[in-house]
Amino acid sequence: MASIKTIFLSLVAAASLTNAAAVPTQDGQVTVETRTLSARAAPQWYSGTWDRFPGKSTWKSFDDLFNRNDDMMKYAGSTQNDINRIKTGINAAASQYKIDNRVLLAMIMQESHGYVGVRTTYSWEGIPTAGIMQCSGCPGFPGLTNLSQAQITSMILAGAKHFRGNLDRNGGDGYQPKSVYPALREYNSGNVNHADLSDGRGATPSYVSDVVQRLGGWFD
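The sequence shown runs -22 to -1, 1 to 198 under mature numbering (1 follows the signal peptide of the UniProt record, and there is no 0).
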């Protein structure tokens, strides 16, 4: 019997189906429907300054987090080959931009649930935010799966580069909450109220709270 979670995810996915964009394919790629699973708020609500959020000691290991989210990436629509390449791409981007690989994984799960064919969205200014990290300047492959390693890594590198800029404006340390948490706020909303990282400034108020709890093992 299908689990309640599986049924729920199927309903959410079905509710957000859109037609796949006309994107040139390469050998081995499969065109499928574009779908987006809407992230829901994590069990707890945190707000205030960065040190009012769960500390780094609560973060699970990268392998633990990846294993916890493997099934969710499948539910979202990625193939096992895509998922394996996401892992490789995360580690490459983490090394290049000096960002904790766990942070990149948590951001990917928050932004797209690891679905490589996620649709491209647009800001109120009409700027496209694409790919599994849903940011400006990021390539996207709406409706496609079985992407090449180069394609998947390109999405993660673009998101990591964007986040590196956020980090550099907030202390620069891609491994410590003091920089990472305000940078997450900026990644989502474009600016930061350091007195309250759950001040979404018109974006998602729970974004930092959710991503931090993903680092602690929560998944949806």
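Just so you know, even glycine gets a beta-carbon here, dropped at the ideal spot from N, CA and C.
Start-to-end residues for the alpha helix (DSSP H) that takes in residue i
i, result
"residue 160", "155 to 167"
"residue 44", "40 to 54"
"residue 133", "127 to 146"
"residue 185", "185 to 193"
"residue 105", "Neither: residue 105 is in no alpha helix (DSSP H) and is coded neither H nor E."
Residue i burial status per 10 Å Cβ neighbour count (16 or more: buried)
i, result
"residue 140", "buried"
"residue 23", "exposed"
"residue 100", "exposed"
"residue 103", "exposed"
"residue 80", "buried"
"residue 21", "exposed"
"residue 161", "buried"
"residue 45", "exposed"
"residue 169", "exposed"
"residue 180", "exposed"
"residue 167", "buried"
"residue 66", "exposed"
Residue of the options minimising C-alpha distance to residue i
i, options, result
"residue 86", "39, 108, 36 and 103", "108"
"residue 187", "181, 197 and 176", "176"
"residue 194", "59, 154 and 36", "36"
"residue 165", "129, 122, 32 and 111", "111"
"residue 98", "83, 121 and 91", "121"
"residue 30", "190, 198, 144 and 196", "190"
"residue 133", "152, 33 and 69", "69"
Cross-strand partners of residue i (DSSP beta bridge)
i, result
"residue 77", "152"
"residue 113", "108"
"residue 99", "107"
Minimum Cβ-Cβ distance from residue i to chain B less than 8 Å
i, result
"residue 65", "Among the chains of the structure shown, chain B does not appear; only one protein chain is present."
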